[in-house]
Each structure stands twice: as structure tokens, then as C-alpha cells.
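Numbering-wise (my numbering), the sequence shown opens with residue 14 and increments by one. Glycine included, C-beta positions come from ideal geometry on N, C-alpha and C. Working notes, structure below.
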Amino acid sequence: MPGEDGSVRVALLGCGTVGSEVTRVLIDDADELAARIGAKVELAGIAVRRPDKHPELPQHLLTADAGALVESDVDVVVELIGGIEPVRDWLLTALRKGKAVVTANKALLSEHSAELAEAAGISGADLYYEASVAGAIPLLRPLRESLAGDRITRVMGIVNGTTNYILSAMDSTGAGYADTLDEASRLGYAEADPTADVDGYDAASKAAILASLAFHTRVTASDVHREGIAGISASDIAAARLLNRTVKLLAICERVQADDGTESVSARVHPVMIPRTHQLAGVNGAFNAVYVEADAAGELMFYGQGAGGAPTASAVLGDLVAAARNRVAGGRGPRESAHAALPVRPMGQTPTRYHISLDVADRAGVLAQVAQAFATHDVSIAAVRQRDRTSTASLVIVTHSAPDAALRATVEEIGKLDVVREVVSVMRVEGEDS
Ligand code: NDP
Ligand code: HSE
């Protein structure tokens with residue numbers, strides 16, 4: 014319940030890129046927010062690591078002791094610090110004491126959502142984290158609430174702006190990965206340490222959160238198959254261009270049905286070739302876009318700014334308003350469910366399609382040897398295109414869907430054939446060819 018004066022007291026943990034925007038709105042738009050919520054939101058304290066570095070903030074609210082602020086008389090804890098510890102401990106404390114928690118922390122949620130949800134369930138507190146995936150885009154609430162009566166079969170999208178910026182730039186300039194990453198860092202799109210983005214960790218955390226909500230199953234980041242973009246070369250991008258395709262780092266979460274009808278969940282993050290006519294191909298720069306497919310709703314697409322202080326603050330504030338309204342009403346909002354508890358399908362058993370580009374000797378019988386490798390692993394070929402060079406031929410093969418392990422084994426075997434001079438590019442493909 015709100016405090017004695019009817020206000021909802023908020024503790025803000027972290028006041029950096031996102032937290033400073035949240036603070037600005039809480040102070041500048043206090044009256045408007047109070048009117049929407051039906052109660053005043055009182056910023057009770059702001060925890061930062063170095064209070065002396067924040068002369069711009071109301072000094073009487075600042076503290077370096079986030080733990081004490083959480084324990085104080087507050088109704089809602091908004092966490093915008095990031096990382097696992099000590100944040101996990103603080104948020105568990107808050108939830109166990111019945112305080113609502115709003116967070117943008119995908120790293121924490123993708124590994125510890127089960128214990129956080131359990132603590133929230135026992136005390137009856139709200140746990141909201143809309144900002145943790147795709148920044149400003151309203152995506153988690155639609156999955157949890159608007160689509161709660163439907164059966165979601167697939168969630169696929171671009172959920173990392175840094176890698177999308179790099180791949181878009183490689184596609185438009187023809188430059189290599191290292192040069193483009195340097196440029197992205199110089200322009201401030203990539204962080205000083207871009208590992209979490211370029212190696213796919215950030216997208217894998219988001220995929221885990223999306224799969225958990227979509228399929229009512231706890232999926233952690235370690236369940237998500239992860240490949241980053243560091244291995245993407247200018248020749249991969251050129252090979253895609255020849256097929257009227259482009260390369261994107263996609264998070265793909267699917268409900269997979271086996272022949273006997275049993276269901277499992279597949280969650281993966283890796284570079285993918287998609288047709289230039291695909292709607293995700295037109296998502297460039299640091300933007301995010303996510304496709305959702307559901308039995309009754311059909312295809313839905315969510316698009317917008319996936320990062321940045323103000324866009325991310327929009328999602329945080331939406332959660333804060335929801336939590337505050339619930340407090341005023343004396344209840345809690347709809348909670349997610351993990352009742353389906355579907356098994357997570359290993360990547361090797363997940364059906365995918367490959368694009369393989371080879372330089373081969375240009376003589377009789379070569380195609381037959383290559384085709385035999387596919388047949389050996391029971392992989393069906395969908396299309397073959399050959400272009401002659403002086404002494405070699407360039408062979409491009411696109412497969413039908415097959416278990417990923419079979420496709421990998423096929424590529425390995427092809428690489429060992431004497432007639433294959435070079436495996437130029439191997440990438441998974443999504444979407445129909447136009
Ligand atoms: P920043 O690094 O800009 O800010 C982090 C804040 O946390 C700083 O104010 C810092 O204090 C404070 N802090 C760090 N350690 C402590 C501590 N031990 N006790 C108290 N305060 C501490 O992070 P962002 O704003 O970029 O990100 C915040 C969260 O939002 C993360 O979980 C991130 O993944 C998520 N997010 C961020 C997006 C973005 O575009 N930036 C997009 C979507 C999600 P000080 O200022 O004194 O250093
Ligand atoms: N580093 C992330 C990105 C920020 O590039 O999309 C948003 O989570």
C-alpha cells in the first residue's frame with residue numbers, strides 16, 4: 014500500500030545512461046505521472062557508485078549504499094545498475110519484503126528469473142522488466158498479457174543494436190568486420206568492451222527472456238545456442254548479396270514439435286542470411302525489430318529503438334507506472350507463468366537451413382562428390398548455382414531444413430574433399446527465396 018501521505022515511494026538504484034533519463038522524467042513530469050497513477054511518486058533515494066560525481070542530481074537523495082536504500086521505507090525499487098552481484102541480492106531482498114521491482118537487467122533476468130519470480134510470487138510483489146529486451150519497444154507485456162490467450166509458435170528478431178549497426182555498415186560499404194567495428198567504436202555505437210554485443214551474449218540473454226515468456230518455460234541464457242558476428246567476413250556479406258540476401262544477427266526462439274507430437278523449445282542466436290525482401294532486412298543501424306508468430310494472431314512485428322537512455326527509460330517508466338498503479342489499487346499485476354516447462358532442444362537437433370559457398374575444381378564428377386556428402390548425412394539440397402572461373406568453379410548450395418548437427422557434419426566432410434579448394438562461406442538461412 015502507498016505511504017501515509019498516499020505517495021508511492023521509489024528507490025532508484027543506478028543513475029547512468031538510463032537512470033538519469035528516468036530521474037529527469039520523475040522530477041520534471043511529477044504532476045503528470047501523479048495524475049496518471051492516482052498518487053504522487055516520491056523519489057526517496059538514488060544509489061550510485063560515486064555520489065561525488067553527480068553534482069547534477071538532488072544531493073539530499075544521493076547515497077552510495079544501495080543495500081540500505083532497498084531496506085528503507087520504499088514501495089518500488091527501480092534497478093538500473095546492471096550485472097549479477099550484488100544486484101541479485103538486493104532485488105531478492107526487495108521482493109521478499111513485498112516491494113515491487115522494476116529492472117532493465119537482462120544479464121540478471123536471463124540467469125536468475127526463477128528465484129526472482131519465486132520471491133515475487135511468495136510476497137505478492139510485482140516484478141517488471143520490459144526494458145531488458147529491445148529498449149523502448151513494448152514487447153514483453155504483449156507476450157505476457159496481450160497474447161496470453163494465444164499459442165505462440167515463434168519469436169524471431171534483431172535484439173542487439175550494436176551488431177545490427179555493424180552488419181548494416183558492412184553490407185552498405187563492403188568493408189570487413191574489424192574496420193567496421195573500429196568505426197562503430199569511434200562513433201560511439203559500440204561500447205569500449207564490445208564483447209557482450211559482438212559475441213552474442215547480450216542477444217542470448219534477451220532470447221532467453223523472450224523464450225521464457227513466449228513458451229511458458231524457464232529458459233536461461235546458458236540454454237541458448239550462441240554465435241556472434243566476429244567471424245563474419247566481407248566475402249560472407251558479398252556471398253549473401255549475390256543471392257539477393259543480407260546478413261543479420263538473429264535471436265530465434267521456436268516451439269518445435271517432434272514426429273510423436275511432443276514439444277520442445279529451441280532458442281538460438283547466430284548470424285543468418287535473409288532475403289532482402291524480408292521485413293527484418295530493412296531494419297538497419299541500431300534499431301531492433303522482433304517478429305512474433307502465434308496460432309490465432311498470425312504474424313506480428315514490433316519495431317523501434319532498442320537502446321539509448323531516453324528510449325529505455327520509456328519502458329522503465331511504463332513498468333514503474335504499472336507497479337505504482339497496482340500499489341494504489343492494493344494488488345499486483347498479471348504474472349508470467351512457467352507451467353509448460355518444455356525441454357530445451359539441443360542445437361544439433363534443431364532444424365536449420367544452410368547456405369554454403371565453395372570454390373571447387375572445375376571438372377567432371379565434382380558436383381557428384383559434393384552431392385554425395387549431402388546424401389551421406391541425409392541433407393536435402395534445395396538449390397545449386399555454379400559460376401565458372403579460370404581454373405575453378407564457384408559453387409553455391411542452399412539446403413532444405415535438416416538437423417543442425419547433420420548440416421555441420423556435411424560441411425566438415427565437404428571441406429575434406431580433394432576437389433574442394435576452399436569453403437568460402439557457411440551460414441544459416443531463414444525466409445523464402447523470392
Ligand atoms: P550505466 O553504466 O550508464 O550506469 C550504471 C549506474 O549504476 C551508474 O550510475 C553507477 O554509478 C551505478 N552503479 C554501479 N555500481 C553501483 C553500486 N555498486 N552501487 C550503486 N550504484 C552503482 O548503465 P546503463 O544506464 O547503460 O544501464 C543500466 C541497466 O540498463 C543495465 O542493466 C543495462 O543492461 C540496461 N540497459 C541499458 C540500455 C542502454 O541503452 N544503456 C538499454 C537496455 C537496457 P556511477 O554513476 O557513480 O558510476
Ligand atoms: N548493447 C545493447 C545493444 C544495448 O547494442 O543493443 C541494449 O540492450
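For residue 166, the enclosing beta strand (DSSP E) starts and ends at 165-171. Buried is the label assigned to residue 332, since at least 16 other Cβ atoms lie within 10 Å of its Cβ. Bounds of the beta strand (DSSP E) holding residue 364 are 364-374. Within the stretch 108-159, the complete alpha helix (DSSP H) segments at least 4 residues long are 119-136, listed from N- to C-terminus. In the three-state DSSP reduction, residue 313 falls in the strand class (E or B). Residue nearest to residue 140 within the set 265, 334, 188 and 168 is 334 (criterion: CA-CA distance). The beta carbon of residue 173 sits closer than 7 Å to at least one heavy atom of the ligand HSE.
Taken in chain order, the unbroken stretches of beta strand (DSSP E) that lie wholly in the stretch 258-287 and span 3 residues or more are 258-270.
In chain order, 217, 220, 221, 280, 281 and 282 place their CB closer than 7 Å to the CB of residue 237, counting only its own chain and leaving out the 5 sequence neighbours on each side.
Here residue 174 is not near residue 339, since their CB atoms are 8 Å or more apart. When secondary structure is reduced to three states using DSSP, residue 229 falls in the coil class, being assigned neither helix nor strand.
The Cβ atoms of residue 269 and residue 366 lie no closer than 8 Å to each other. When secondary structure is reduced to three states using DSSP, residue 297 falls in the coil class, being assigned neither helix nor strand. The alpha-carbon separation between residue 388 and residue 422 amounts to approximately 11 Å. Taking every protein chain shown into account, the CB of residue 40 has fewer than 16 other CB atoms within 10 angstroms, so this residue is exposed. Per DSSP, residue 56 is one residue of the beta strand (DSSP E) stretching across 54-60.
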